[in-house]
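Participant: Supplied in C-alpha cells, the structure appears directly below.
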Amino acid sequence: MTESKTTANVATLAPPVLILLGPPGAGKGTQARMLEKRYGLVQLSTGDLLRAAVAEGSEAGKAADKVMKSGGLVSDEIVIAILRDRLSDPDTAKGVILDGFPRTTVQAEALDELLAESGQKIDAAISLEVDDEAMVHRIAGRYTCGECGEGYHDSFKKPKVDGVCDVCGASNMKRRSDDNAETVAERLAAYHKQTAPLITYYEQRGALQRIDAMGSIDEIATTVSRAVAEATRK
Ligand code: AMP
85 MTESKTTANV
95 ATLAPPVLIL
105 LGPPGAGKGT
115 QARMLEKRYG
125 LVQLSTGDLL
135 RAAVAEGSEA
145 GKAADKVMKS
155 GGLVSDEIVI
165 AILRDRLSDP
175 DTAKGVILDG
185 FPRTTVQAEA
195 LDELLAESGQ
205 KIDAAISLEV
215 DDEAMVHRIA
225 GRYTCGECGE
235 GYHDSFKKPK
245 VDGVCDVCGA
255 SNMKRRSDDN
265 AETVAERLAA
275 YHKQTAPLIT
285 YYEQRGALQR
295 IDAMGSIDEI
305 ATTVSRAVAE
315 ATRK
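So in this note's numbering, the last spot in the sequence shown is 318, and the numbers never skip.
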C-alpha cells in the first residue's frame, strides 16, 4: 500500500516540529527526507541552507564557507538568522523536521524562543545513536543527486543504474567536499563537544526519543516513524 502524502497521518492539532539529532553520517538527512515524503512535512537542513548561501556568494555564505571546509561549526548568529528566515516561509506552516539544527545550546534556546513566538513547541527530538567508526564509513561512501537531492551510498543504497538517479533520472551525482577523512574527524569532534549535550537538554524537557541507528535505512525509518507517531499523539 502506498503512503499518501498527508499530515493527517500525524495525529496532532498543531503543525509538528521535529528535531533529528545525531553525528554526521547518522542518517539525519535520509530519515528527514523519508519523513518529509511520508507526512508531508518540510525538511529544514541548515547544512543545505548554508551550502546554498555559499553557492550564492552572500555575506553569510562567505563567512560560513571557510568554517564548513574545516569541519567546525558556523557561528550561532549566522545559523540562527538563516533558520529564522526560512521558518518565515509559508510552506513551513505544514510542520517541519529540523535536520542539523540545533547544534549548540544557544541554538536550542533560540529555537525554543522562535517557536514560542508562534505558540509552538518541539514535539520530539529524535536522537539517532550510532558508533563513530561506522560514521566514517557511511560518510566516505555517500553522494546525492545534484538535481533532486536524493541520497545514495556506495555500499548501502546504490541507484538501479550506475550514476543515474532513481527518482528524477538525472545523471548529476555529487559528493560533498567536506566528506573527506580530515574534515569528518573535525565534524565528529564538534558533534561530541558542542552538539551531544543537547541530548540531555531535550531529555530534561521530556522531548527526547533515542533510536538505535545502526540498522538498515528502512529499519531505522520504521522506528523513527513510530517515534514520530507516538510523540505527536501526546
Ligand atoms: P551538515 O550538512 O548538517 O552535515 O552540515 C555541514 C556543515 O555546515 C557543518 O559541518 C557545519 O560547518 C555547518 N552547519 C550546519 N548546520 C549547522 C548548525 N546548526 N550550526 C553550525 N554549523 C552548522
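We put the beta carbon where it would ideally sit given N, CA and C, even for glycine.
1) Between which two residues does the beta strand (DSSP E) holding residue 295 run?
2) Compute the minimum distance between the beta carbon of residue 230 and the heavy atoms of ligand 1, and state whether it is under 6 angstroms.
3) Between which two residues does the beta strand (DSSP E) holding residue 105 run?
4) Taking the alpha helix (DSSP H) that residue 217 falls in, what are its first and last residues?
5) Taking the beta carbon of residue 284 as the centre, do at least 16 other beta carbons fall within 10 Å, making it buried, or is it exposed?
6) So, are the CB atoms of residue 145 and residue 138 less than 7 angstroms apart?
7) For residue 152, verify whether its CB is less than 6 angstroms away from any heavy atom of ligand 1.
8) What ranges does the beta strand (DSSP E) occupy inside the segment 225-285, keeping only unbroken runs of at least 3 residues that lie completely in it?
9) Which partner residues does residue 183 have in the DSSP bridge list?
10) Identify every residue that forms a DSSP beta bridge with residue 120.
11) Any heavy atom of ligand 1 inside 6 angstroms of the beta-carbon of residue 157?
12) Which same chain residues end up closer than 7 angstroms to residue 98 when comparing Cβ atoms and leaving out the 5 residues on each side of it in sequence?
13) By the three-class DSSP mapping on this structure, what secondary structure does residue 206 have?
14) If you drop the 5 nearest sequence neighbours on each side, which residues of the same chain put their C-beta closer than 7 angstroms to that of residue 53?
15) Buried or exposed: where does residue 289 fall if 16 or more other Cβ atoms within 10 Å of its Cβ makes it buried?
16) Quickly, what does DSSP pair residue 211 with across the bridge? List them, please.
17) Where does residue 168 sit, in a helix, a strand or coil, going by DSSP?
18) Going by alpha carbons, who is nearest to residue 209 out of 136, 279, 133 and 122?
19) Would you kindly work out how many angstroms separate the C-alpha atoms of residue 267 and residue 252, rounded to a whole number?
20) When you compare each of 100, 314 and 312 to residue 202 by their alpha carbons, which one comes out closest?
21) Let me know the secondary structure DSSP gives residue 316 once reduced to three states.
22) So is residue 306 buried or exposed if we call it buried at 16+ other beta carbons inside 10 Å?
23) Is the Cβ-Cβ distance between residue 216 and residue 272 less than 7 angstroms?
Facilitator: Taking the coordinates as given:
1) Position 211 of the sequence shown, counted from the start, is the residue given in the question as residue 295. Counting along the chain, the beta strand (DSSP E) containing residue 295 begins and ends at 292-296.
2) Here residue 230 refers to the residue found at position 146 of the sequence shown. Residue 230 has its Cβ no nearer than 6 angstroms to any heavy atom of ligand 1.
3) Indexing the sequence shown from 1 puts residue 105 at position 21. Residue 105: member of the beta strand (DSSP E) spanning 101-105, first to last residue.
4) Here residue 217 is taken as the residue at index 133 of the sequence shown, counted from 1. Counted as a single uninterrupted DSSP element, the alpha helix (DSSP H) harbouring residue 217 occupies residues 216-224.
5) Taking the sequence shown and counting its residues from 1, the one referred to as residue 284 is at position 200. Under a 10 Å Cβ-count criterion, residue 284 is classified as exposed, with fewer than 16 other Cβ atoms of the shown protein chains found around its own Cβ.
6) Translated into positions along the sequence shown, residue 145 becomes position 61. Translated into positions along the sequence shown, residue 138 becomes position 54. A distance below 7 angstroms separates the beta carbons of residue 145 and residue 138.
7) Indexing the sequence shown from 1 puts residue 152 at position 68. At least one heavy atom of ligand 1 lies less than 6 angstroms from the C-beta of residue 152.
8) Qualifying beta strand (DSSP E) stretches, in chain order: 226-229 and 235-237.
9) In the sequence shown, residue 183 corresponds to position 99, counting from 1. According to DSSP, which records beta bridges pairwise, residue 183 is partnered with 104 and 129.
10) The count along the sequence shown starts at 1 and reaches residue 120 at position 36. None, per the DSSP bridge assignment.
11) In the sequence shown, the residue the question calls residue 157 occupies position 73. Yes, since a heavy atom of ligand 1 falls inside the 6 angstroms radius drawn around the Cβ of residue 157.
12) As a working mapping, residue 98 is identified with position 14 in the sequence shown. Residues 204 of the same chain have their beta carbon placed closer than 7 angstroms to that of residue 98, with the five preceding and five following residues left out of the count.
13) Taking the first residue of the sequence shown as 1, we reach residue 206 at position 122. The three-state reading of DSSP puts residue 206 in coil, since its state is none of H, G, I, E or B.
14) Lying outside 85 to 318, the shown extent of the chain, residue 53 is not represented and no answer is given.
15) The count along the sequence shown starts at 1 and reaches residue 289 at position 205. So residue 289 counts as exposed.
16) On the sequence shown, position 127 is the one that residue 211 refers to. DSSP output for residue 211 lists 105 and 294 as bridge partner(s).
17) In the sequence shown, the residue the question calls residue 168 occupies position 84. DSSP places residue 168 within a helical segment (H, G or I) once states are collapsed to three.
18) Residue numbering aside, residue 209 sits at position 125 when the sequence shown is read from its first letter. Considering only alpha carbons, the answer is 279.
19) Indexing the sequence shown from 1 puts residue 267 at position 183. Indexing the sequence shown from 1 puts residue 252 at position 168. Roughly 30 angstroms separates the two Cα atoms.
20) If you number the sequence shown from 1, residue 202 lands on position 118. Taking only the C-alpha atoms, the option nearest residue 202 is 100.
21) Translated into the one-based positions of the sequence shown, residue 316 becomes position 232. In this structure, residue 316 counts as helix in the three-state DSSP scheme.
22) Residue 306 sits at position 222 when you count from the first residue of the sequence shown. It counts as exposed.
23) Residue numbering aside, residue 216 sits at position 132 when the sequence shown is read from its first letter. Residue numbering aside, residue 272 sits at position 188 when the sequence shown is read from its first letter. In this structure, residue 216 sits near residue 272, with a CB-CB distance shorter than 7 angstroms.
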